[in-house]
Amino acid sequence: MKTVLKWISNITSWLLFAVFIVMIFMVVSTKASGGEPNFFGYQLKSVLSGSMEPTFDTGSVIIIDPSVNKESLKKDDIITFKEDAEKLITHRIFEVKKTENHVQYITKGDNNDGVDLNPVLSKNVVGKYNGFNIPFLGYFMNFANSKLGTAILLILPGVLLIIYSAYSILKAIREIEVPKKEESGTTSSN
């Protein structure tokens, strides 16, 4: 039984430590990249509306490739683009319009009845959806990007790790003290 408890204790310690390291990495990479988490050159984006359902649901996280050639996208590619300085949208390319000077994309959400009113200039394309999404993780990412979320996700695993370490140290001290008391009790009776 002690072996099982020791294994559970070790696994718990490593899990808390791993969560702490992952949270530090996420927060630091998010802040270093200007608010967008990057992993191996790809960006993670939260889906905040249902305009692309059923391709991906509200609250999902999608992975986009920002290194794609923004002027060579084609019909049916799913792109993330800047509608204005602070708003990103992810929709499917419905039509490509090329002129001498630039490329424009007419986009449409899969769940929308009509195309978007404003064409998207190729320079406003942030990246192309790579086909991978994680349902519901977007809610967590939005919380993690808030000030409260950042504070909780950095502090909570650290505090839990410290509490668990203190518990482990106190437990080890008690285990050392019990044999000492038993030894002192046997030597005084002789």
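Reading the sequence shown from the start, the letters are residues 16 to 205 in the numbering used here. Glycine residues also receive a C-beta, built at the ideal position from the N, C-alpha and C atoms.
Exercise. Hey, out of Glu190, Pro172, Thr105, whose CA is closest to Leu30's CA?
Worked result: Pro172
For this session: Kindly indicate the opening and closing residues of the alpha helix (DSSP H) around Leu59.
Result: No alpha helix (DSSP H) contains Leu59, which is instead part of the beta strand (DSSP E) from 57 to 61.
For this session: May I ask which residues mark the beginning and end of the alpha helix (DSSP H) holding Phe109?
Result: Run containing Phe109: none in the alpha helix (DSSP H); it sits in the beta strand (DSSP E), 103 to 113.
Problem set entry | DSSP three-state assignment for Leu152, whether helix, strand or coil | helix
Exercise. Which residue or residues does DSSP assign as beta-bridge partners of Val140?
Worked result: Phe96
Exercise. Under 7 Å between the Cβ atoms of Tyr120 and Ile108?
Worked result: yes
For this session: Spell out a yes or no on whether the region 141 to 152 and the region 72 to 86 are touching, meaning 3 or more CB-CB pairs, one atom from each, closer than 8 Å.
Result: yes
Exercise. Per DSSP, what kind of secondary structure is Asn25 in: helix, strand or coil?
Worked result: helix
For this session: Leaving out five residues on either side along the sequence, give the residues of the same chain with a beta carbon under 6 Å from the beta carbon of Val130.
Result: Phe109, Ile121, Lys123
Exercise. For Phe147, does the three-state DSSP call read helix, strand or coil?
Worked result: strand
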